[in-house]
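Scroll down for the structure; my scribbles are underneath it.
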Amino acid sequence: FTEMPTDRFVESSFWNFDALFQPQQHPARDQHDTFFLLGGYWENWEGGFVRVRPHPDTPSPPCAPPDPAETPQLPPGYAAKVKKIHSQGGYGSQGYRSEWKLEEAKRNLLRTHTTASSARLLHSLAQQ
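In this note's numbering, the protein residues as written are 10 to 137.
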């Protein structure tokens with residue numbers, strides 16, 4: 010037995026909901042105390058981090074982290090499979106027959122449950 014890492018507290022909607030086949034339009038997504046991250050830059054301030062919204066004309070710092078509101082990339086092959094199952098079905102399922110939006114899947118949030126960590130880890134292990 011090996012303990013899986015659960016220290017990723019910011020997660021994408023893809024791993025938190027979509028990979029677990031919760032429809033993007035389902036009201037249960039709102040019942041999870043889901044907190045989505047906002048855009049902007051984060052700076053260390055007195056031992057903590059504070060959100061800073063720079064003026065639109067201000068150039069980004071050369072080492073600025075990616076926008077925390079959105080994950081930069083999802084696993085392309087796997088994301089396509091999840092999209093297909095959601096929208097068209099497969100493997101004996103008829104799917105949800107609704108539009109699946111990549112923009113929604115890329116939204117970052119504070120992870121609502123560790124099952125998202127399990128889904129990410131199982132996908133990683135399957136790639137080895």
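For every residue, glycine included, the Cβ atom is placed at its ideal position computed from N, Cα and C.
Values in this document were obtained by computation on a predicted structure and should not be read as measured data.
Any chance you could list the beta strand (DSSP E) runs of at least 3 consecutive residues sitting entirely within the segment 77-123, in chain order? 117-119
In the DSSP assignment, the alpha helix (DSSP H) including F23 goes from what residue to what residue? Indexing the sequence shown from 1 puts residue 23 at position 14. First-last of the alpha helix (DSSP H) with F23: S22 to N25.
### Task
Tell me, to the nearest whole angstrom, how far the beta carbon of H95 is from that of Y87; I am working on the premise that it is less than 8 Å.
Taking the sequence shown and counting its residues from 1, the one referred to as residue 95 is at position 86. Taking the sequence shown and counting its residues from 1, the one referred to as residue 87 is at position 78. The beta carbons of H95 and Y87 sit about 13 Å from each other, so the pair does not count as a contact at 8 Å.
_Just to confirm before moving on: does the CB-CB distance between R38 and F23 stay below 8 Å?_
Numbered from 1 along the sequence shown, position 29 holds the residue referred to as residue 38. Numbered from 1 along the sequence shown, position 14 holds the residue referred to as residue 23. In this structure, R38 sits away from F23, with a CB-CB distance that is not shorter than 8 Å.
Q: Enumerate in chain order the residues of its own chain whose CB-to-CB distance from R116 is below 6 Å, with the five nearest sequence positions on each side excluded.
A: By one-based count along the sequence shown, residue 116 stands at place 107. Same-chain partners within the cutoff: S22 and F45.
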